[in-house]
Amino acid sequence: MTFSAEKPNMIEFRDVHKYYGDYHALRGINATIKAGEFFSLLGPSGCGKTTLLRTIAGFEDISSGVVLIDSKDMANVPANVRPTNMVFQSYAIFPHLTVEENVGFGLRKDPRSKDEKAKAVAEALEMVGLKGYGKRAAHALSGGQRQRVALARALILKPKVLLLDEPLSALDKKMREQMQVELIKLQRQVGITFILVTHDQEEALVMSDRIAVMFEGQIAQLADPETLYRRPASRKVADFIGTMNFAPAAVLSEDASGVEVDAQGFGRMTLSPDQVMGGATSEGNTIGLRPETLTILFDGQNATDREVFGTVEEVVYYGDMTYYDVRLDGAAEPLRLSMRNVPGRPVLDIGAKARLGWSPSAAVLFR
Amino acid sequence: MEQGSKKGRFGGSEAANGLLLISPTAIYATLLLAAPLFAVVVYSLMVDSKAGLAGGLTFQNYIEVWTGRIDRALMLRSLTVSAMVTLVTVLLAYPVAYFVSFHIRQDRKSLWLFLITIPFWTSYLIRVFLWKVILGYNGVINSGLMSLGIIGEPLTIINYSIGSMIMTLAHAYAAFAILPIFVSLEKIDRSLLEAGQDLGESKLRTFWRVTLPLSMPGVIAAVLIVFIPTIGDYVTPELIGGGKLPMIANRIEAVMLKQNDKALGSAIAMTAMAIVALVSVAFLLLNKRFLKGQK
Amino acid sequence: MNRNPTLKIYTIAYLIFLYAPIILLPLFAFNDSKVIAFPLQGFTTNWFAEMWADQQLFVAFRNSLLIAVTSSIFATILGIFAARASTRYKFPGKGGILGLIMLPMVLPEMIFAMALLVVLVAVGVPLSLFTIILGHVLLCTPFAMAILTSAFQSLDRSLEEAAYDLGETPASTFRLIILPLVMPGIISSLLICFTISLDEFIISYFLGGNQTVLSVYIFGQFRFPAKVPAVMALGFILVCVSICLLTIAEYFRRRGIAKTGGKDTGGFL
Numbered sequence: 001m002t003f004s005a006e007k008p009n010m011i012e013f014r015d016v017h018k019y020y021g022d023y024h025a026l027r028g029i030n031a032t033i034k035a036g037e038f039f040s041l042l043g044p045s046g047c048g049k050t051t052l053l054r055t056i057a058g059f060e061d062i063s064s065g066v067v068l069i070d071s072k073d074m075a076n077v078p079a080n081v082r083p084t085n086m087v088f089q090s091y092a093i094f095p096h097l098t099v100e101e102n103v104g105f106g107l108r109k110d111p112r113s114k115d116e117k118a119k120a121v122a123e124a125l126e127m128v129g130l131k132g133y134g135k136r137a138a139h140a141l142s143g144g145q146r147q148r149v150a151l152a153r154a155l156i157l158k159p160k161v162l163l164l165d166e167p168l169s170a171l172d173k174k175m176r177e178q179m180q181v182e183l184i185k186l187q188r189q190v191g192i193t194f195i196l197v198t199h200d201q202e203e204a205l206v207m208s209d210r211i212a213v214m215f216e217g218q219i220a221q222l223a224d225p226e227t228l229y230r231r232p233a234s235r236k237v238a239d240f241i242g243t244m245n246f247a248p249a250a251v252l253s254e255d256a257s258g259v260e261v262d263a264q265g266f267g268r269m270t271l272s273p274d275q276v277m278g279g280a281t282s283e284g285n286t287i288g289l290r291p292e293t294l295t296i297l298f299d300g301q302n303a304t305d306r307e308v309f310g311t312v313e314e315v316v317y318y319g320d321m322t323y324y325d326v327r328l329d330g331a332a333e334p335l336r337l338s339m340r341n342v343p344g345r346p347v348l349d350i351g352a353k354a355r356l357g358w359s360p361s362a363a364v365l366f367r
Numbered sequence: 368m369e370q371g372s373k374k375g376r377f378g379g380s381e382a383a384n385g386l387l388l389i390s391p392t393a394i395y396a397t398l399l400l401a402a403p404l405f406a407v408v409v410y411s412l413m414v415d416s417k418a419g420l421a422g423g424l425t426f427q428n429y430i431e432v433w434t435g436r437i438d439r440a441l442m443l444r445s446l447t448v449s450a451m452v453t454l455v456t457v458l459l460a461y462p463v464a465y466f467v468s469f470h471i472r473q474d475r476k477s478l479w480l481f482l483i484t485i486p487f488w489t490s491y492l493i494r495v496f497l498w499k500v501i502l503g504y505n506g507v508i509n510s511g512l513m514s515l516g517i518i519g520e521p522l523t524i525i526n527y528s529i530g531s532m533i534m535t536l537a538h539a540y541a542a543f544a545i546l547p548i549f550v551s552l553e554k555i556d557r558s559l560l561e562a563g564q565d566l567g568e569s570k571l572r573t574f575w576r577v578t579l580p581l582s583m584p585g586v587i588a589a590v591l592i593v594f595i596p597t598i599g600d601y602v603t604p605e606l607i608g609g610g611k612l613p614m615i616a617n618r619i620e621a622v623m624l625k626q627n628d629k630a631l632g633s634a635i636a637m638t639a640m641a642i643v644a645l646v647s648v649a650f651l652l653l654n655k656r657f658l659k660g661q662k
Numbered sequence: 663m664n665r666n667p668t669l670k671i672y673t674i675a676y677l678i679f680l681y682a683p684i685i686l687l688p689l690f691a692f693n694d695s696k697v698i699a700f701p702l703q704g705f706t707t708n709w710f711a712e713m714w715a716d717q718q719l720f721v722a723f724r725n726s727l728l729i730a731v732t733s734s735i736f737a738t739i740l741g742i743f744a745a746r747a748s749t750r751y752k753f754p755g756k757g758g759i760l761g762l763i764m765l766p767m768v769l770p771e772m773i774f775a776m777a778l779l780v781v782l783v784a785v786g787v788p789l790s791l792f793t794i795i796l797g798h799v800l801l802c803t804p805f806a807m808a809i810l811t812s813a814f815q816s817l818d819r820s821l822e823e824a825a826y827d828l829g830e831t832p833a834s835t836f837r838l839i840i841l842p843l844v845m846p847g848i849i850s851s852l853l854i855c856f857t858i859s860l861d862e863f864i865i866s867y868f869l870g871g872n873q874t875v876l877s878v879y880i881f882g883q884f885r886f887p888a889k890v891p892a893v894m895a896l897g898f899i900l901v902c903v904s905i906c907l908l909t910i911a912e913y914f915r916r917r918g919i920a921k922t923g924g925k926d927t928g929g930f931l
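Chains as they are written, first to last, in the numbering used here: chain C, 1 to 367; chain S, 368 to 662; chain R, 663 to 931.
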């Protein structure tokens with residue numbers, strides 16, 4: 001899905017700060033989340049992503065700044081009246097109630113009749129694929145079922161925003177992948193804003209319309225998954241999302257059309273302005289290339305763009321893929337790249353000479 | 368916290384909410400425990416005569432306690448008895464806790480603990496008295512042995528002695544010793560023991576080098592839980608000792624109520640409390656050493 | 663698991679040691695002799711009749727019941743406040759305040775009974791059942807707090823937040839979520855405080871003035887050998903009641919564990 005500018009803002013953070021005593025947990029968050037968007041807060045543990053989510057829910061007060069939900073300032077609006085509902089990391093299923101009672105928990109003050117409420121509960125259960133589970137005791141459910149109850153319980157209240165605090169982290173890999181797909185479908189079906197907190201970059205890439213990558217209480221980059229992957233704003237973001245090869249580079253000249261650099265092992269190239277990022281470390285300028293943008297050229301194959309030469313230093317065979325560490329002639333550090341093991345394609349040995357095909361258009365410069 | 372925490376997450380700041388919530392209990396404990404203890408401290412520094420308590424803070428009572436033959440002897444007897452009771456109780460309890468923790472199936476453990484705790488919840492007075500029935504001059508043991516013709520005269524060494532007091536108290540506090548040891552044994556990761564044996568130690572040596580040190584916090588908790596109440600025990604010396612072997616609690620009662628010397632009585636009570644506190648702190652420090660490196 | 667029977671034999675011997683005095687209770691309660699000694703003299707229920715006829719015992723029992731019910735309720739309420747505060751909030755002086763509340767658990771009873779007595783007399787409060795209750799609440803609160811703290815601790819904090827998130831107020835969250843989940847702990851606490859209060863002797867003895875309660879009555883009876891068989895009968899009944907109460911307490915404790923989906927680690931306290 002794509003999001004045009006006319007979509008209204010659902011959530012707005014304006015210079016949000018949060019202190020726990022001396023600890024500065026949120027350091028000036030500015031961001032806008034659109035209505036109907038599947039938005040992810042991604043980052044390592046302790047980066048403030050859960051804190052930020054909880055400031056939306058109202059469980060965490062902010063020290064300064066403004067949080068707007070649907071254009072309304074949320075200062076002094078307690079959690080129980082905010083138009084948000086949350087799926088907790090532990091699911092927080094009330095163990096003394098049945099599945100039905102859990103799902104219908106938030107309807108206690110709803111003026112509708114008992115029958116109408118029961119119907120709403122049944123519909124919510126059906127929506128999350130738990131039709132007929134209503135009478136079960138909540139503590140007897142499996143992890144995946146608890147997750148679904150938590151979803152139904154939150155969605156039945158028709159919130160404007162659904163908050164998901166690492167909802168898949170407690171599930172095993174297979175279940176997790178299944179729930180990812182179901183969550184995406186569910187979001188499309190109900191059409192409301194989903195905000196997901198996760199430390200799993202793959203999960204964020206798969207599920208989100210847009211992602212905010214957070215480090216140390218700040219948003220390092222806010223972009224759609226493709227931009228985030230192909231044009232990471234800094235080496236740190238690039239490192240956190242997938243793998244990236246870095247090579248030291250010297251800037252030779254620069255004008256409005258682009259930057260000419262000389263990268264160790266790759267030689268000279270000209271990069272367009274959109275390939276030039278900030279975020280270089282003290283190590284100086286570097287160029288970055290994703291492993292899959294590098295290809296080993298076997299006999300008879302020609303590079304579509306450019307060719308470089310190197311030596312294989314490490315081979316890891318993964319069945320469908322083979323991972324190589326190749327050191328380019330004249331480079332200090334080896335590059336990591338991966339090749340699909342298609343029939344007839346040999347697996348190179350350590351020490352073998354390799355010819356690599358690559359393209360400057362896939363590179364980014366961190367400076 | 369910063370200004371944002373003024374209203375707190377559920378209304379009111381966290382610290383204020385916590386203090387407000389605990390205040391009924393805290394006020395109760397302050398009025399009925401802290402204040403009386405403070406009063407006893409003040410009393411112990413005054414002089415009690417026929418005319419009533421007189422002011423002027425003095426250590427006279429404490430000097431009397433520490434130099435008086437009776438007080439010193441009773442203090443020493445209380446310490447000896449409770450030290451012996453603690454030793455016997457904890458030594459006897461450890462294998463039981465070990466057995467339940469290591470040799471009983473998980474789902475049966477609470478049943479065993481239940482069995483162990485039942486006698487402990489029956490009237491303390493009656494339990495103590497029953498030991499008198501067992502150990503007394505015409506008691507169960509003597510009458511039993513005599514009717515079997517094993518002895519001709521009742522044994523006198525088993526009744527009204529320090530030994531029978533220790534026996535009675537060791538029985539009374541058994542559950543107090545077993546439970547904390549059991550809890551600490553339960554916390555031990557079983558793979559540590561396998562690791563011990565895997566690294567070439569015998570079962571006995573593994574117990575000595577792994578299990579015992581790891582269960583020490585429980586043992587020390589047991590020591591404190593048994594030692595503290597036994598040093599102040601009143602009932603056993605009255606019933607088992609027949610009033611002839613008073614301990615410090617009986618002495619406090621006698622001085623405070625029978626001699627009506629509240630100042631001296633307070634000083635004895637404070638001295639006893641100081642000794643208890645000293646021993647407790649010593650054991651807690653010991654515990655800290657064992658806890659080092661554990662969570 | 664039982665490779666070595668020594669430990670098992672030892673444990674069984676230890677259990678016999680634990681139960682030995684209690685087994686004597688029914689023996690002498692039904693023994694047709696004024697003297698508590700072997701050999702047994704035949705079966706009688708006279709001692710129960712004698713016990714039943716004792717007016718003083720009835721008064722003492724009624725007093726004890728009143729004290730135990732009142733003390734256990736108040737101690738549990740105070741325990742709820744303290745346990746909730748200690749598990750849920752951080753506040754200055756927490757360690758000191760909790761230490762003071764828990765102190766009666768580790769303080770020789772005689773010392774705080776005397777301290778309380780001295781102050782009550784000095785302030786001019788007449789000794790009565792009320793003063794016993796004051797002491798018993800103080801004594802029971804740490805036990806109530808210990809039981810309730812573990813009940814409150816096993817509550818997942820996000821359950822509360824979830825209820826709040828779903829539109830409930832803090833008060834209704836407490837009523838709908840917290841209270842039902844800690845209810846087994848509350849019942850355990852009530853039963854255990856009741857048992858402690860019923861059994862307590864020193865405070866009842868010194869703070870009761872001329873009012874008699876069960877433990878003081880029993881203690882008094884021991885001075886008259888002729889009364890002892892009736893006390894055995896009474897003791898036997900008390901043991902039976904205790905076992906019933908404990909079984910109920912254990913049942914609720916287990917149900918509480920099952921409710922919150924926890925693992926049974928067993929044992930009181």
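C-beta: ideal position from N, C-alpha, C; glycine also.
query                                                                                                                                                                                      : result
Beta strand (DSSP E) containing residue 91 of chain C: first to last residue?                                                                                                              : Unbroken run through residue 91 of chain C: none, as it is neither H nor E.
What separation, rounded to the nearest whole angstrom, lies between the Cα atoms of residue 571 of chain S and residue 460 of chain S?                                                    : 18 Å
Let me check understanding here. Comparing Cα to Cα, which of S/384, S/449, S/392 lies closest to residue 643 of chain S?                                                                  : S/449
Along the chain, where does the beta strand (DSSP E) that runs through residue 358 of chain C open and close?                                                                              : 353-358
Assuming residue 271 of chain C and residue 355 of chain C are in contact, meaning their beta carbons sit under 8 Å apart, how far apart are those beta carbons, in whole angstroms?       : Actually they are not in contact, since the Cβ atoms of residue 271 of chain C and residue 355 of chain C sit about 23 Å apart, beyond 8 Å.
Where DSSP assigns a beta bridge to residue 295 of chain C, which residues make up the other side?                                                                                         : C/357
For the alpha helix (DSSP H) containing residue 210 of chain C, name the first residue and the last one.                                                                                   : No alpha helix (DSSP H) contains residue 210 of chain C, which is instead part of the beta strand (DSSP E) from 210-215.
Using 8 Å as the Cβ pair cut-off and three pairs as the minimum, do the region 829-848 of chain R and the region 70-85 of chain C touch?                                                   : yes
Please report the distance separating the alpha-carbon of residue 350 of chain C from that of residue 315 of chain C.                                                                      : 6 Å
Taking C-alpha atoms, which residue in C/226, C/221, C/113 lies nearest to residue 236 of chain C?                                                                                         : C/221
Kindly identify the DSSP beta-bridge partner or partners of residue 390 of chain C.                                                                                                        : Coverage of chain C is limited to positions 1 through 367, which leaves residue 390 of chain C absent and any answer about it impossible.
Using 8 Å as the threshold, is the region 710-727 of chain R in touch with the region 770-781 of chain R, meaning 3 or more CB pairs across them?                                          : no
May I ask you to report which of helix, strand or coil DSSP gives residue 378 of chain S?                                                                                                  : Model confidence at residue 378 of chain S stands at a pLDDT of 44, short of 50, so the residue's coordinates are unreliable; what they give is reported in the following sentence. In the structure shown, residue 378 of chain S sits in coil (DSSP, three-state: anything other than H, G, I, E or B).
Taking the DSSP output, what are the residues bridged to residue 259 of chain C?                                                                                                           : C/254, C/271
Keeping to the same chain, check which residues put their C-beta closer than 6 Å to that of residue 197 of chain C; ignore five residues upstream and five downstream.                     : 41, 49, 50, 53, 165, 166
Identify the residues that DSSP records as bridge partners of residue 310 of chain C: which are they?                                                                                      : C/328, C/354
Which residues mark the beginning and the end of the beta strand (DSSP E) in which residue 10 of chain C is found?                                                                         : 9-20
For residue 565 of chain S and residue 553 of chain S, I'd like the C-alpha separation in whole angstroms.                                                                                 : 21 Å
Does chain C have any CB closer than 8 Å to the CB of residue 917 of chain R?                                                                                                              : no
For residue 98 of chain C, which residues of its own chain have a beta-carbon under 8 Å away from its beta-carbon, when the five flanking residues on both sides are left out?             : 134, 135, 136, 137, 138
Is it the case that the region 379-397 of chain S contacts the region 734-748 of chain R, given that we only count it when at least three CB pairs across the two stretches are under 8 Å? : yes
So, using beta-carbon positions, are residue 149 of chain C and residue 130 of chain C closer together than 8 Å?                                                                           : yes
Would you mind stating whether residue 646 of chain S and residue 537 of chain S have Cβ atoms separated by less than 8 Å?                                                                 : no
List the residues of chain R that residue 572 of chain S touches, going by C-beta distances under 9 Å, in chain order.                                                                     : None at all; the shortest Cβ gap to chain R is about 16 Å.
Under 8 Å, Cβ to Cβ, is there at least one residue of chain R near residue 321 of chain C?                                                                                                 : no
Note the first and the last residue of the continuous beta strand (DSSP E) segment covering residue 165 of chain C.                                                                        : 161-165
Just verifying my parser: in three-state terms, what is the DSSP assignment at residue 409 of chain S?                                                                                     : helix
Closer than 7 Å, Cβ to any Cβ of chain C: which residues of the region 837-854 of chain R, in chain order?                                                                                 : 839, 842, 843
For residue 809 of chain R, which option in R/852, R/693, R/760 has the closest C-alpha, if you only look at C-alpha atoms?                                                                : R/852
Do residue 656 of chain S and the ligand PLP come close, with the Cβ less than 7 Å from some heavy atom?                                                                                   : By its list of ligands, the structure shown contains no ligand whatsoever, and the ligand PLP lies outside what it can speak to.
With burial defined as no fewer than 16 other Cβ atoms inside 10 Å of the residue's Cβ, what is the status of residue 648 of chain S: buried or exposed?                                   : exposed
Taking 7 Å as the limit between beta carbons, can you name the residues of its chain near residue 661 of chain S, skipping five residues before and five after?                            : Confidence is the limiting factor: at residue 661 of chain S the pLDDT is only 48, short of 50, which leaves the residue's position unreliable and the question unanswerable from this model.
So what does residue 245 of chain C bridge to, in DSSP terms?                                                                                                                              : C/289
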